[in-house]
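Each remark here refers to the structure printed beneath this line.
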Amino acid sequence: MSVPDYMQCAEDHQTLLVVVQPVGIVSEENFFKIYKRISSVSQISVRDSQRVLYIRYRHHYPPENNEWGDFQTHRKVVGLITITDCFSAKDWPQTFEKFHVQKEIYGSTLYDSRLFVFGLQGEIAEQPRTDVAFYPNYEDCQTVEKRIEDFIESLFIVLESKRLDRATDKSGDKIPLLCVPFEKKDFVGLDTDSRHYKKRCQGRMRKHVGDLCLQAGMLQDSLVHYHMSVELLRSVNDFLWLGAALEGLCSASVIYHYPGGTGGETGARRFQGSSLPAEAANRHRPGAQEVLIDPGALTTNGINPDTSAEIGRAKNCLSPEDIIDKYKEAISYYSKYKNAGVIELEACVKAVRVLAIQKRSMEASEFLQNAVYINLRQLSEEEKIQRYSILSELYELIGFHRKSAFFKRVAAMQCVAPSIAEPGWRACYKLLLETLPGYSLSLDPKDFSKGTHRGWAAVQMRLLHELVYASRRMGNPALSVRHLSFLLQTMLDFLSDQEKKDVTQSLENYTCKCPGTMELLTLPGGPTLPPVPFTKLPIVRRVKLLNLPASLRPQKMKSLLGQNVSTKSPFIYSPIIAHNRGEERNKKIDFQWVQGDVCEVQLMVYNPMPFELRVENMGLLTSGVEFESLPAALSLPAESGLYPVTLVGVPQTTGTITVNGYHTTVFGVFSDCLLDNLPGVKTSGSTVEVIPALPRLQISTSLPRSAHSLQPSSGDETSTNVSVQLYNGETQQLVIKLENIGMEPLEKLEVTSKILTTKEKLYGDFLSWNLEETLAQFPLQPGKVATFVVNIKVKLDFSCQENLLQDLSDDGISVSGFPLCSPFRQVVRPRVESKPVNPPEGSKPGDPSHVKTLEAILNFKYSGGPGHVEGYYRNLSLGLHVEAEPSVFFTRVSTLPATSTRQCHLLLDVFNSTEHELTVSARGNEELILHAGECQRMAIQVDKFNFESFPESPGEKGQFANPQQLEEERQEARGLEIDSKLDVHWRIPSLKRRGEASVEGLLNQLVLEHLQLAPLQWGFSHPGGPWLLMRKCRSCHLRIGLLAASKRYTCGNSSRRGIFGRIFRKGIQEAGQLPGPQKPQGVSPATRHSALDSGCGATTCGLTGPTPRRHPREPQWEASGGQATAACLGLGFPGWGEGGFPRCENLRHWMAMPRKCGGPLPRVVTGGHSVSGPWLPHG
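Per our numbering, the sequence shown starts with residue 927, numbered consecutively.
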């Protein structure tokens, strides 16, 4: 016997072998359809008996193996079933003849045979026959199973007759010697009458009868015969048959202990439907109660029913431990015979299956190791493949997975051996796939992202290379790309630099013909290969969703903020909430993206390859919102550090968008890399809200861009920065073009400005504009441009330094080419003398260190489109950087009185701090030319100012106003009014630049007092006669009367000219010496009339003289008063007398005379305001 049956198991010893073969030409599909139905009848219960008959079917069986049927009866073909197609009666004889030829092959051992004919109908098909069954087709054959059962029953009848014939003790007959094929020549010439020969014959026959009993379902009888055979054969040293007897004894014991079988699913199916004893489930346990049989109890029909006398006798059934020992003994006997190699190999296989049931893996491996070294004849390549495959399955059965993978890989390599004309690359590939679990290798890349690497990386890489080569030889480049991608992705850490280059070069060569995809690949056997994303090419360490640029970030209007406020838990931490990485990635980020705007996601990537890595078509993978990903291409240097990569895209709809990962194309392989499959990736969240579309505003200015980047304290960013260089006092127009570069109309615009913190004090409006002209062009459609003009006015302090701001003496100084003098010089307070302080060189006016920097931000708040409806807007900031160079300085400021009491001269020492010739002019004055670094004095004649309209007490500004703050506001308001009246301007003709020079902040309290109009500036007219005017002073609350109005007047009596002059001068002098505010004293009308008629009769008043009488003519006169700081003087005259005008020595008491109301009210001009008082008629 040269062909081993690797599927043999111990329970096969109780089966009858039936061969099913086609006769003639039968399609494979039809044959196996019927074969499957035939093989389904694998066991039947014998009628009128508790025995079960088991059948083993084979569609191919070597005839030379049949010659070993006497050695082990389960190897003998006892039944033959043939299947044929016959469609005409003419073909029937030839078909039947083929059937007989087929029977002759196994004729010496056949018990019975059957022929199944398909397609033949008619008279021949209707003839009743036991050995032939006719069916019209392969579908209409319902009686196949019934025919098979009848056929098995016929086999049982023959088997039972042979058993009875051999088991009957015929001591007078000569027992034949059963031999194996190679023994026949060894027994020629032996003495057949010797005792040794007879024992040999008896022992072999007992063993043969034991096989027949086991096949007939008589397990206990077979055990008795096997024991008797062992004793007989051991006595004559018939080792080959002794080994067979021991193997039979082991098989019967295995059948008894393991009714489920040892051959896996095949063995288990044999016992389906069979009636087993209730205690059969416990028989496999070591030490279980064994059945004791006495050879004398055997009868022709089996064991004597009375078994009570059998207890206590020798054991016939082996224990589980003894089974293995007997197998070892039997195999050792087989090994003595070179021609019994197949028997020895099959015995090893049977023992391994039993040991696998007993969980004795190490002993099983010893049997398998012995089977590997059994030397058979020269095997064919197919037999070698089968042998290695079975060894692999057996090693897998005992849990030696890596050993199993090794032999399966050897079998795979055997499929493509050089000696094979047509290598079986498909079979090789299939076997290689089956070796993967043994080497802890999975073709799912997700299994390699879970913790540490398992298995031997070197062996795994070798196996993957073999898979790549086999798939390429199969003509399936997609499989080659998939396996090579898997090798590069999972074994990257174990590849050397040269191996990395070789693998990537091979991958690029393969992908030129078949690019790598993310599709599932279905293998020939049915399983699928999952896609292999290149998550390590490059390696991603961090994923961060970026907010929109500051100029594009949407903001919610304050009135609508309350609608979207989310209710959060009041607890800082709750252990109930599961804080896993998935939730961290899926949490929503606190900013928004805008529909139609480009959004960015930043990845920190790393190139692990020793060469430059080119990544193409890299984009984002999203869900939840329709998203247009804009692919990018990048090139990473060899073994680079963390490298930032920004991926962009445009959301097309609104809603909540989730960034699931990214896609790349590397070495021709397209990969979808999901964040959940990236180990060690840090992310602050991957979900963000997309709001409706908003317009996009782009600004361009008439000024150049600035290199200075403004950083507002609020954290806002400026999108554009412009700079300009101006002289102090200069005004520049900034023309801003507003262009709508979005897809939505711009409907709303608000402009605000903010001056950043500066140490310099600004006067006036630094930035000013008129927004109405720009809004007239709205709504601004996409692509349209609107113009917006902003006036930049730099107006800083024009003083030089505090220690240089002194009142200059005007004695003899020539200002603008003429000498200044004034008759009222005595009223100007002399300046405080102080030593001049020379500033350091670096701080001189005009030095570059005096260039001041002003920074401001123009903020454009705009909205439109669907986003405006939802309450969103955008802010666009323009940074303005202004460098203010000094133009002119006012080093000294002072005043001089003018010829008129309502005017004075303001003296300014002007210093040109520029490098150019400069002219300075004021309203109504000629231009003053100043060369670079030159200082000159200019005098400006101005009308004095009335400051009475400004707040004077905290009560006028509010109950809680700060008095100091109010005083500062009054000072600023006065300076602004003075500056507007002066209108000082400078001009640089060479640069064609001009500006204004402000005196705000330069005027001290003394100068302001000199520029202030006197509290009373009065004048009156006399409509009908001389009347006395009395007026309450708002400053000192005195009622004052004065007889003299001016030093100069017109009157008919010239003697009165001197009287009025003396009274006027004395009144002016004493008025300046009046005490503080006092309440006026009341005087009765009688006293007033008496005083006026007879002169001033008061003891404190020296007014004397006759009672004045009315002058016949109406006097026409005018008067102008001097300065009076303590009282407002109101004058009225009752008339003139020829005896002269009364006079009063004590003016203050005379001023306090009572008044009498009546008559029309005259008009008096005081301090620029019209006031009125009652006329008091004389007498």
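Backbone N, C-alpha and C fix where the C-beta goes; we use that ideal spot for every residue, glycine too.
Using only the alpha-carbon positions, how far apart do residue i and residue j sit?
i	j	result
residue 1849	residue 1621	49 Å
residue 1676	residue 1670	17 Å
residue 940	residue 1143	7 Å
residue 1017	residue 950	11 Å
residue 1245	residue 1318	28 Å
residue 945	residue 982	8 Å
residue 1193	residue 1327	With a pLDDT of only 47 at residue 1193, under the threshold of 50, the placement of this residue in the model should not be trusted, and no figure is reported.
residue 1111	residue 1105	10 Å
residue 1992	residue 1659	Reliability fails at residue 1992, whose pLDDT of 44 lies under 50, so the model's placement of it is uncertain and the value that follows must be treated cautiously. Distance between the alpha carbons of residue 1992 and residue 1659 is about 60 Å.
residue 1146	residue 1182	9 Å
residue 2004	residue 1941	In this prediction, residue 2004 scores a pLDDT of 41, lower than 50, which makes its location untrustworthy; the coordinate-derived value is nonetheless stated afterwards. One C-alpha to the other measures close to 17 Å.
residue 1139	residue 1154	14 Å
residue 1829	residue 1872	12 Å
residue 1661	residue 1815	30 Å
residue 1432	residue 1648	55 Å
residue 1299	residue 1601	53 Å
residue 1179	residue 984	25 Å
How many whole angstroms separate the CB atoms of residue i and residue j, which I take to be in contact at a CB cut-off of 8 Å?
i	j	result
residue 1840	residue 1813	6 Å
residue 1189	residue 1279	6 Å
residue 1005	residue 1085	Between residue 1085 and residue 1005 the Cβ distance is about 10 Å, and since that is not below 8 Å, they are no contact.
residue 1629	residue 1650	5 Å
residue 1576	residue 1522	6 Å
Tell me which same chain residues have a C-beta within less than 6 Å of the C-beta of residue i, skipping the five on either side of it?
i	result
residue 1418	1462
residue 1152	1136, 1171, 1174 and 1175
residue 1053	none
residue 1227	Residue confidence is low: residue 1227 scores 42 on pLDDT, short of 50, so the model does not pin down where it sits. No coordinate-derived value is stated.
residue 1747	Since pLDDT at residue 1747 reaches only 33, below the 50 mark, its modelled position is unreliable, and no value is offered.
residue 1737	Its pLDDT being 36, under 50, residue 1737 is placed unreliably in this model, and the value from its coordinates should be taken loosely. Answer for residue 1737: no residue qualifies.
residue 1678	1785
Below 7 Å CB to CB, which residues in the same chain sit around residue i once its five sequence neighbours on both sides are set aside?
i	result
residue 1108	1265
residue 1156	1168, 1171, 1172 and 1175
residue 1162	1122, 1125, 1126 and 1129
Taking 7 Å as the cut-off, decide whether the C-beta atoms of residue i and residue j are in contact.
i	j	result
residue 1611	residue 1465	no
residue 1324	residue 1366	no
residue 1607	residue 1529	no
residue 1617	residue 1480	yes
residue 1009	residue 960	yes
residue 1035	residue 991	no
residue 1933	residue 1836	no
residue 1802	residue 1623	yes
residue 1619	residue 1792	yes
residue 1067	residue 1046	no
residue 1781	residue 1688	no
residue 2110	residue 1695	This structure cannot speak to residue 2110, because the chain is shown only from 927 to 2105.
residue 1354	residue 1311	no
Excluding the 5 residues flanking residue i on each side, which residues of the same chain have their C-beta closer than 8 Å to its C-beta?
i	result
residue 1101	1124, 1127, 1128 and 1131
residue 1909	1848, 1849 and 1922
residue 1551	1577, 1578, 1579, 1580, 1581, 1582, 1583 and 1616
Look up residue i in the DSSP assignment and give the residues it is bridged to.
i	result
residue 1788	1675 and 1800
residue 1299	Residue 1299 pairs with nothing; no bridge assigned.
residue 1050	DSSP lists no partner for residue 1050.
residue 2106	Since the displayed the chain opens at 927 and closes at 2105, residue 2106 lies outside it and no answer follows.
residue 1553	1577
residue 1861	1837
residue 1558	1544
residue 949	1010
residue 1043	1010 and 1060
Report yes if the C-beta of residue i is less than 6 Å from at least one heavy atom of the ligand MN; otherwise report no.
i	result
residue 955	This structure does not include the ligand MN; it has no bound ligands of any sort.
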